[in-house]
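Numbering (my numbering), first residue to last: 3 to 264.
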């Protein structure tokens with residue numbers, strides 16, 4: 003991160019010389035950018051909680067706090083009809099514990115790990131006679147992670163981070179609990195639906211997170227967080243005029259305050 007400060011300082015030093023054109027460009031590696039992103043997004047938190055009560059409100063108990071801005075995540079519980087009743091699986095009070103940021107091919111990668119190394123997805127009955135409510139299969143999410151690949155893009159006269167890809171990691175498995183022949187027989191009836199929940203849940207979480215991080219409010223919050231690193235000494239805050247990336251580095255063109263072309 004300090005190296006990035008020095009890179010900006012060197013470029014701006016040239017701009018401050020007499021008769022020098024007030025525009026320049028610099029190239030930074032993705033490793034250098036990852037250090038800045040770690041400083042800005044390191045404190046971010048992901049909270050997943052769509053337990054019953056949130057079933058009919060779009061699962062808005064879940065939230066994502068990024069660059070100091072908390073945003074609700076619409077993540078409804080996964081429901082299914084079985085034998086005249088409606089059941090659902092949901093996550094309850096699952097929180098990220100850390101974010102690590104590293105360089106990836108043509109991107110910067112954010113890796114979120116969760117506090118619980120083996121989180122339970124709870125099963126509940128939503129409506130009907132609920133005959134299988136106590137026999138629903140257990141779903142365990144072991145070593146859950148969220149991996150988000152982002153690239154820097156221009157936003158007005160600043161920089162923000164646009165999501166390229168989101169992947170949900172860790173092993174989700176469904177099994178019956180061995181509570182006796184009758185209970186296991188009932189559980190096996192619901193096992194197919196539990197496995198279907200697993201198959202759909204990961205891509206749905208990924209798509210929802212991608213949409214939320216790429217929405218305009220979050221993009222603006224990230225840009226505001228990065229602004230701190232776009233000001234050097236007496237030159238003040240620089241104005242970004244272009245951002246392009248390749249497999250290993252980022253090219254940034256910029257101008258001094260008052261000289262940006264827009």
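Even glycine gets a Cβ: it sits at the ideal position worked out from N, Cα and C.
These numbers were taken from a predicted model, which means no experiment stands behind them.
Could you tell me if residue 202 is buried or exposed, where buried requires 16 or more neighbouring beta carbons within 10 angstroms of its beta carbon?
exposed
Would DSSP call residue 80 helix, strand or coil?
If DSSP states are grouped into helix, strand and coil, residue 80 belongs with the strands.
Residue 27 to residue 79, Cα distance in whole Å?
48 Å
So, is the C-beta of residue 63 closer than 8 Å to a C-beta in chain B?
Absent from the structure: chain B. Only one protein chain is present.
Do residue 176 and residue 139 have their CB atoms nearer than 8 Å?
yes
Looking only at its own chain, which residues have a Cβ that is under 6 Å from the Cβ of residue 97, when we skip the five neighbours before and after it?
49 and 117
Do residue 89 and residue 102 have their CB atoms nearer than 8 Å?
no
Would you mind sorting residue 95 into buried or exposed? The rule is 16 or more other CB atoms within 10 Å of its CB.
exposed
Please identify the residue among 210, 92, 240 and 135 whose C-alpha is closest to the C-alpha of residue 200.
92
Quick check: what's the CA-CA separation for residue 112 versus residue 126?
33 Å
Got a sec? Which residues, its chain only, sit under 7 Å from residue 166 by beta carbon, not counting five neighbours each side?
109, 151, 152 and 153
If you follow the alpha helix (DSSP H) that residue 37 is in, where does it begin and where does it stop?
32–43
Please look up how many angstroms separate the CB atoms of residue 63 and residue 53, rounded, as I've assumed it's under 8 Å.
With a Cβ gap of about 7 Å, residue 63 and residue 53 count as contacting.
Whose C-beta lies closer than 8 Å to the C-beta of residue 141 among residues of the same chain, with five residues either side of it excluded?
Closer than 8 Å at Cβ, skipping near neighbours: 91, 122, 123, 125, 174, 175, 176, 196, 199 and 200.
According to DSSP, residue 105 sits in a beta bridge with which residue or residues?
110
Give me whichever residues DSSP pairs with residue 89 in a beta bridge.
82 and 127
Mind reading off the beta-carbon distance from residue 157 to residue 225? Whole number of angstroms is fine, and I expect it under 8 Å.
5 Å
For residue 217, count neighbouring Cβ atoms within 10 angstroms of its own Cβ and tell me buried if that reaches 16, exposed if not.
By the neighbour-count rule (16 or more Cβ atoms within 10 Å), residue 217 is not buried but exposed.
Quick check: residue 214 and residue 220, are their CB atoms within less than 8 Å of each other?
yes
Starting from residue 173, trace the beta strand (DSSP E) both ways and give me its first and last residue.
160–177
Run the CB neighbour count on residue 230, radius 10 Å, all protein chains shown included, and call it buried at 16 or more, exposed below.
exposed
Who are residue 154's beta bridge partners in DSSP?
163
Whole angstroms is fine: what's the gap from residue 255's alpha carbon to residue 84's?
58 Å
Please classify residue 36 as buried or exposed, where buried requires at least 16 neighbouring CB atoms within 10 angstroms.
buried
When the Cα of residue 115 is compared with those of 67, 228, 47 and 130, which residue comes out closest?
Taking only the C-alpha atoms, the option nearest residue 115 is 47.
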